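Chemist: Heads up: the sequence shown begins at 39 in this note's numbering, then just goes up one per residue.
The structure's right below; bear with me while I get my questions together.
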Amino acid sequence: MGILIGCEHLSQEWPGKRVLVDQTIGINEGDRIGIVGRNGDGKSTLLDLIAQRIEADGGNVTVRGGVSVGLLAQDDAFSDDETVSHAVVGDVPDYVWASDPRVRPIIDELLADVAWDARVGELSGGQRRRCDLARVLAGSWDVLLMDEPTNHLDMHAIRWLADHLRRRWPEGQGALMLVTHDRWFLDEVCERMWEVHDGVIDPFEGGYSAYIQQRVERQRQAAAVEERRQNVLRKELNWLAHGAKARSSKPKFRIDAARALLADDPPLRNPVELRRLAVSRLGKQVIEMRGVGASYGGRPVFSGVDWLIGPGDRYGVLGENGVGKSTLLKVMTGRMRPSRGSVKIGKSVRFGILSQHLGQLSGKDDWRVSELMGTYRSRLEVDGKVQSPEQLLERLGFERREFATYVRDLSGGQRRRLSILCVLLEEPNVLVLDEPGNDLDTDMLAVLEDLLDGWPGTLILVSHDRYLMERVTDHQFALIDGKLRHLPGGVEEYLALADEREATWSGARRQTRSRSDGSARAELARSASSDDHLEAENARPQLSGGEIRTLRKLMQSNERKMETLKGKISDVREQIAAADPTDFTTLGDFQSQINDLQQQIDALEEEWLEAAETLGE
């Protein structure tokens with residue numbers, strides 16, 4: 039096992055902060071390293087230094103000859119005019135990557151809903167991020183550096199990525215370093231941890247769980263040493279004041295690792311007491327949904343939702359990106375009218391809603407943090423203790439000097455933490471949280487979980503963070519194929535259902551990724567509609583969840599392509615209007631372009647209609 043990358047006496051300083059101070063550390067073959075630390079402590083900077091994107095203020099990074107290094111940064115280097123195909127695989131012909139058993143599954147999983155010939159500038163932020171992730175994974179690297187690889191991935195995709203990284207290299211080969219706030223992902227993938235803090239890098243053996251145990255043990259030992267030192271000093275001071283006295287022997291201090299660490303730990307939460315408090319604050323009725331359905335853009339999102347939410351219930355909502363989880367939250371909180379059914383909200387309900395867009399800070403960019411805190415009550419009871427908003431701010435990682443900072447100058451993680459606190463300070467009795475863990479480091483996620491553990495009220499959580507979901511909710515539900523389904527088996531049951539749907543349609547899904555032949559998608563629809571084992575006499579075949587999902591993705595993709603092509607036709611027609619009416623050659627070329635574009639639209643429309651007919655829509 040040799041060293042792939044060596045870092046010698048690394049030092050890096052940003053304005054007002056020393057990020058790394060004289061650090062020497064190496065990356066060996068077979069290493070699987072997770073990097074943790076508070077936001078702003080230098081995790082991304084360390085990756086950039088190792089990837090040699092930036093030059094260190096002191097020291098050097100040495101890469102062994104012949105070692106290739108791939109980097110997934112938080113920003114990509116794509117051009118907006120670049121096609122998705124070129125961004126992901128470069129100039130590699132379709133038949134080459136499509137026949138590669140290593141590359142094809144990556145593209146199938148990450149880019150199933152992305153048009154292969156689309157321009158990068160036309161993609162959403164999440165799609166663009168997945169393109170960059172696919173680009174990195176499709177490459178052959180000896181060392182892979184990844185900064186927040188789980189961003190914009192749903193829970194199923196996160197598990198797929200973990201499986202891929204575990205199997206990517208044979209044991210003892212390759213090296214992986216990743217920065218992520220997803221603690222489940224760290225436990226699944228990493229065998230070592232590096233904690234970056236106060237300018238130093240502390241290594242730990244094992245995954246995230248082992249790191250936490252070792253960290254607590256180190257802190258406990260340090261506290262014990264400091265306590266003994268203080269005792270000695272106090273005794274010495276007493277001797278100086280009163281003369282020499284007999285001294286008793288020190289008690290022996292021994293600790294049994296796991297048992298001692300957990301012996302005096304309080305329970306996560308007292309469900310009986312919390313439910314009693316919730317009932318006293320809420321009454322018996324919270325939210326009752328009967329036969330609820332909702333549509334978006336004229337298309338049904340979900341239907342037939344029957345859901346009774348009572349005081350003290352702690353529910354998590356799972357589902358793939360785009361299935362309607364945020365829409366469900368809007369309907370249940372009265373911010374959106376259902377297209378059918380009824381939603382009854384208790385008279386005493388006071389919602390505290392955290393959206394992904396942080397509406398609590400809207401219009402407050404010119405406020406200082408202290409001014410914002412001054413709009414709330416000066417004393418609140420949290421975890422049975424009376425605390426001020428400023429104390430809660432410190433609990434969420436703000437320093438006193440940051441209280442005078444303008445909201446507009448806060449980082450993404452700071453804005454997220456401030457928004458969460460604003461929601462809690464409004465003293466709601468029903469918390470509705472949509473991806474509260476975004477932009478938070480592992481320490482702040484633990485603090486957030488601690489706050490939620492002791493919060494008495496009803497909690498509804500949408501999150502792709504498996505660790506957070508399992509920690510703060512008692513029951514999980516999933517939106518699957520437009521229906522809300524209870525998951526007695528929790529996250530594992532949800533992932534098993536996702537695997538089942540994927541397995542039933544794996545062959546057809548591979549066909550949808552054939553970019554060289556547009557008729558492949560039409561063949562997919564035809565094969566789905568003629569599935570022999572599902573076909574009944576004179577009846578429409580009963581499609582599986584995976585088939586329905588694939589066909590709908592096809593329809594959505596074709597809709598986007600047709601809109602793009604129609605825009606191109608409009609552009610050509612504008613060129614015709616501006617052209618010389620006597621230049622018949624140019625006008626003929628323009629008309630040929632329009633005819634070609636219209637033929638593409640007709641083909642896409644035919645595929646769309648076939649898919650819609652298969653779905654019975």
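Backbone N, C-alpha and C fix where the C-beta goes; we use that ideal spot for every residue, glycine too.
Remember, predicted model here, so these are calculated numbers, not experimental data.
Looking at the strands, I want to know which residues DSSP matches up with residue 61.
Modeler: In the sequence shown, residue 61 corresponds to position 23, counting from 1. 48.
Chemist: With H, G and I counted as helix, E and B as strand and the rest as coil, what does DSSP make of residue 502?
Modeler: Along the sequence shown, read from residue 1 onward, the residue named residue 502 stands at position 464. Three-state result, residue 502: coil.
Chemist: Just how far apart, CA to CA, sit residue 26 and residue 226?
Modeler: What the structure shows of the chain is the stretch from 39 to 655, and residue 26 is not part of that stretch, so it cannot be assessed.
Chemist: I'd like to check one pair, residue 399 with residue 433: are the Cβ atoms closer than 8 angstroms?
Modeler: For this step, residue 433 is matched to residue 395 along the sequence shown. For this step, residue 399 is matched to residue 361 along the sequence shown. Going by C-beta atoms, residue 433 is not nearer than 8 angstroms to residue 399.
Chemist: Would you mind reading off the limits of the alpha helix (DSSP H) that contains residue 369?
Modeler: As a first step, residue 369 is located in the sequence shown; it is residue number 331 there, counting from the start. Residue 369 -> alpha helix (DSSP H) spans 363–370.
Chemist: Quick one: what's residue 134 bridged to in DSSP?
Modeler: Working through the sequence shown from its first residue, we reach residue 134 at position 96. Answer by DSSP bridge pairing: none, since residue 134 is not bridged.
Chemist: Quick one: residues in its chain with C-beta nearer than 7 angstroms to the C-beta of residue 112, no 5 flanking neighbours on either side, listed in chain order?
Modeler: As a working note, residue 112 is residue 74 in the sequence shown. Around residue 112: 82, 185 and 186.
Chemist: How close, in whole Å, do the beta carbons of residue 389 and residue 330 come, if the pair is a contact with beta carbons under 8 angstroms?
Modeler: As a first step, residue 389 is located in the sequence shown; it is residue number 351 there, counting from the start. As a first step, residue 330 is located in the sequence shown; it is residue number 292 there, counting from the start. Contact doesn't hold; Cβ gap of about 17 angstroms is too wide.
Chemist: Which residue or residues does DSSP assign as beta-bridge partners of residue 55?
Modeler: Translated into positions along the sequence shown, residue 55 becomes position 17. DSSP, once it has assigned bridges, lists 52 as partnering residue 55.
Chemist: Comparing C-alpha positions only, which one of 238, 376, 524 and 245 sits nearest to residue 70?
Modeler: By one-based count along the sequence shown, residue 70 stands at place 32. In this structure, 245 is the residue among 238, 376, 524 and 245 with its C-alpha nearest to the C-alpha of residue 70.
Chemist: Could you check how far apart the C-beta atoms of residue 105 and residue 42 are, in whole angstroms? I think they sit under 8 angstroms.
Modeler: The residue labelled residue 105 in the question sits at position 67 within the sequence shown. The residue labelled residue 42 in the question sits at position 4 within the sequence shown. With a Cβ gap of about 5 angstroms, residue 105 and residue 42 count as contacting.
Chemist: With a 10 Å radius around its C-beta and 16 neighbouring C-beta atoms as the bar for buried, classify residue 189 as buried or exposed.
Modeler: By one-based count along the sequence shown, residue 189 stands at place 151. With 16 or more Cβ atoms within 10 Å of its Cβ, residue 189 is classed as buried.
Chemist: For the candidate residues 644, 621, 617 and 620, whose alpha-carbon lies nearest to that of residue 600?
Modeler: Position 562 of the sequence shown, counted from the first residue, corresponds to residue 600. That would be 644, whose Cα lies nearest to the Cα of residue 600.
Chemist: Residue 89: buried (16+ other C-beta within 10 angstroms of its C-beta) or exposed?
Modeler: Numbered from its first residue, the sequence shown carries residue 89 at position 51. The residue in question, residue 89, is buried, as its Cβ has 16 or more Cβ neighbours within 10 Å.
Chemist: Let me know the beta strand (DSSP E) ranges lying completely inside the stretch 437–485, each 3 residues or longer, listed in chain order.
Modeler: 468–472
Chemist: So, for residue 630: in the same chain, excluding its five sequence neighbours on each side, which residues have a beta-carbon less than 8 angstroms away from its beta-carbon?
Modeler: If you number the sequence shown from 1, residue 630 lands on position 592. Nothing meets the Cβ criterion.
Chemist: Rounded to whole angstroms, how far is the Cβ of residue 119 from the Cβ of residue 157, which I believe are closer than 8 angstroms?
Modeler: Counting from 1 along the sequence shown, the entry for residue 119 is found at position 81. Counting from 1 along the sequence shown, the entry for residue 157 is found at position 119. Contact flag correct, Cβ pair sits at about 6 angstroms.
Chemist: Just the Cα atoms here: how many angstroms apart are residue 214 and residue 359?
Modeler: Stepping through the sequence shown from its first residue, residue 214 is reached at position 176. Stepping through the sequence shown from its first residue, residue 359 is reached at position 321. For residue 214 and residue 359, the distance between alpha carbons rounds to 27 angstroms.
Chemist: Helix or strand or just coil, what does DSSP make of residue 125?
Modeler: If you number the sequence shown from 1, residue 125 lands on position 87. Looking at residue 125 - three-state DSSP - the assignment turns out to be helix.
Chemist: Among 145, 203 and 205, whose alpha-carbon lies nearest the alpha-carbon of residue 122?
Modeler: Taking the first residue of the sequence shown as position 1, residue 122 is located at position 84. It is 145.
Chemist: Nearest by alpha-carbon distance to residue 194: which of 530, 383, 250 and 426 is it?
Modeler: Here residue 194 refers to the residue found at position 156 when the sequence shown is read from its first residue. Comparing Cα positions, the closest option is 530.
Chemist: Thinking C-alpha only, which one of 65, 55 and 56 is nearest residue 40?
Modeler: As a first step, residue 40 must be located in the sequence shown, where it is residue number 2. Selected option, being the one with the closest Cα: 65.
Chemist: Can you tell me whether residue 616 is buried or exposed? The criterion is at least 16 other CB atoms within 10 Å of its CB, across all chains shown.
Modeler: Your numbering for residue 616 matches position 578 in the sequence shown. Residue burial is scored here from C-beta neighbours: residue 616 has fewer than 16 other C-beta atoms within 10 angstroms and is therefore classed as exposed.
Chemist: Just the Cα atoms here: how many angstroms apart are residue 235 and residue 259?
Modeler: Residue numbering aside, residue 235 sits at position 197 when the sequence shown is read from its first letter. Residue numbering aside, residue 259 sits at position 221 when the sequence shown is read from its first letter. If I take the Cα positions, the gap works out to 19 angstroms.
Chemist: If you drop the 5 nearest sequence neighbours on each side, which residues of the same chain put their C-beta closer than 6 angstroms to that of residue 155?
Modeler: Position 117 of the sequence shown, counted from the start, is the residue given in the question as residue 155. For residue 155, where only same-chain residues beyond five positions count, the Cβ hits under 6 angstroms are 121.
Chemist: How far does the beta strand (DSSP E) with residue 195 in it extend, from its first residue to its last?
Modeler: In the sequence shown, the residue the question calls residue 195 occupies position 157. Looking at the DSSP string, residue 195 is not in any beta strand (DSSP E); the run it does join, the alpha helix (DSSP H), is 193–205.
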